[in-house]
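Numbered per the working numbering, the sequence shown spans residues 923 to 1259. Glycine is no exception: its CB is placed at the ideal position from the N, C-alpha and C atoms. Heads up: the structure comes next, in structure tokens.
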Amino acid sequence: MTAPHDPLTPFANGPREPERHLTSLSGWRSFVDDQPVIPVLLSPDERAALSPAELTRYDEDRLDHHTRLLVVATSTVQHTVTCGRRLVLLNRHAVSARRGLIVSGPAGTGKTTAITQLGRAHELLDRARHPGVSDRIPVVYITVPPAATARMVAVEFARFLGLPVRVRSNITDILETVCGVLVDARVGLVLVDELHNISLTTRAGAEVSDTLKYFSERIPATFVYAGINVDRAGLFDGTRGQQIAGRFTLVSTAPLPYNSEWQGLVATLEDSLRLHDHEMDSLTALDRYLHDRTGGMIGSLSHLIRGAALDAILTGSEKITKAGLEAIPLDHSSQSS
923 MTAPHDPLTP
933 FANGPREPER
943 HLTSLSGWRS
953 FVDDQPVIPV
963 LLSPDERAAL
973 SPAELTRYDE
983 DRLDHHTRLL
993 VVATSTVQHT
1003 VTCGRRLVLL
1013 NRHAVSARRG
1023 LIVSGPAGTG
1033 KTTAITQLGR
1043 AHELLDRARH
1053 PGVSDRIPVV
1063 YITVPPAATA
1073 RMVAVEFARF
1083 LGLPVRVRSN
1093 ITDILETVCG
1103 VLVDARVGLV
1113 LVDELHNISL
1123 TTRAGAEVSD
1133 TLKYFSERIP
1143 ATFVYAGINV
1153 DRAGLFDGTR
1163 GQQIAGRFTL
1173 VSTAPLPYNS
1183 EWQGLVATLE
1193 DSLRLHDHEM
1203 DSLTALDRYL
1213 HDRTGGMIGS
1223 LSHLIRGAAL
1233 DAILTGSEKI
1243 TKAGLEAIPL
1253 DHSSQSS
């Protein structure tokens, strides 16, 4: 039987959302704690000695490995983490006018990866500074729902914390509850993703912007926003936009050009493969093709290589070839770039 919980307190032992769902406290903590074990490739003799059941488990472990998105410390990730950490420190003793960060760029250019890695780094540092303390919530991560209203965004904060929200709960009660919990939990970083779902030209969008501003004034934390080309979509227009522009640093993301960083990214992804017959450096030899195919989009590159690796295991070929890569369909943006 689930123990009752205080409606003003995040529950640790109550109902849990999916562990990998970043927009819940349990899911976020699982993400921060996650240290996946990389499968060791067996020798041909060791593999041949496996029973059918053991071989199935071995292959499943390798399949699971290739389904994971390998996080590579690209220049965008490094720059975002550096800027974010700097702002957190500058805001540490600020009582008002705290500065924030906006990460903006096309889809598939690593915005979510960058801000979640910033959040993970911040939480790990906070845990190191406060060992054995379990009642802290260093980071909050939410996404802005499509056609969001102010109440919907407030509910996203409550949902992350595991706070029950009743249909009749008004936005004022939700705001007060969320702010009280986050202040008590000493939150230091608030990540708001999918910011492009807010339009300041609409009344609802303006109210969402005001709600986020209210949160930033009540909660002594650094706010980080991310969204698709939000700097070009009117985010900095008008009175509200000018307020945002005056308080937030902009980090722009873009497809990677074909250069040494791209080549290094391909090499890193190839090194992560766990395939028995793959010829090492065969992917790096295709780095120009991979760039042309994906348009320099990091997300598309990862999808392409991981998809080809899964096919290589499922078909038994155990290697990635250009023909295998050609068989993987990509998103429309990459195919039309």
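- If you check the CB distance, Pro-1177 and Pro-1028 come in under 8 Å.
- A straight line joining the alpha-carbon of Thr-1206 with that of Val-1017 spans about 50 Å.
- In the three-state scheme derived from DSSP, where H, G and I count as helix and E and B as strand, Leu-992 is classed as coil.
- The C-beta distance from Leu-1111 to Val-1061 rounds to 5 Å, short enough to fall under 8 Å.
- A direct Cα-Cα distance of roughly 12 Å separates His-1052 from His-1044.
- Between Ser-1121 and Ser-1026, the alpha-carbon positions lie close to 15 Å from each other.
- Thr-996 and Asp-1153 have their alpha carbons spaced roughly 22 Å apart.
- If you ignore the 5 residues before and after His-1213, its C-beta comes within less than 7 Å of the C-beta of Tyr-1180 and Trp-1184, all in its own chain and listed in chain order.
- Ranking Leu-1117, Val-994 and Glu-982 by CA distance to the CA of Ala-1189 puts Val-994 first.
- Exposed is the label assigned to Val-1055, since fewer than 16 other Cβ atoms lie within 10 Å of its Cβ.
- Linking Arg-1042 to Leu-1252 through their CA atoms gives a straight-line distance of about 29 Å.
- Straight-line spacing of the CA atoms in Arg-1058 and Asp-1106 works out to 8 Å.
- With respect to the C-alpha of Leu-1197, the residue from Leu-1040, His-987 and Thr-945 having the closest C-alpha is His-987.
- Put simply, the backbone Cα of Arg-1021 is about 39 Å away from that of Asp-1209.
- In the DSSP assignment, Tyr-1211 falls within the alpha helix (DSSP H) that extends over 1209-1216.
- The region 1127-1136 and the region 1156-1167 touch, with no fewer than 3 CB-CB distances between them shorter than 8 Å.
- For Ala-1148, the pairing in a beta bridge is given by DSSP as Val-1025.
- In this structure, Leu-944 places its C-beta atom within 8 Å of the C-beta atom of Tyr-1063.
- Bridge partners of Ile-1064 according to DSSP: Val-1114.
- Phe-1170: member of the beta strand (DSSP E) spanning 1170-1174, first to last residue.
- In this structure, the alpha-carbon of Ile-1220 lies about 31 Å from that of Leu-1083.
- A residue is called buried when at least 16 other Cβ atoms come within 10 angstroms of its Cβ; Ala-1143 meets this threshold and is buried.
- Lys-1241 is a Cβ neighbour of Ala-1234, given a cutoff of 8 Å.
- Around the Cβ of Tyr-1147, a 10 Å sphere holds 16 or more other Cβ atoms; the residue is buried.
- DSSP places Met-1219 outside any alpha helix (DSSP H), giving it a letter other than H or E.
- The Cβ atoms of Val-1100 and Ala-1070 do not sit closer than 8 Å to each other.
- A distance of 8 Å or more separates the beta carbons of Ser-1239 and Leu-1191.
- Measuring C-alpha to C-alpha distances from Pro-966 to each of Ala-1230, Leu-1232 and Asp-1199 identifies Asp-1199 as the nearest.
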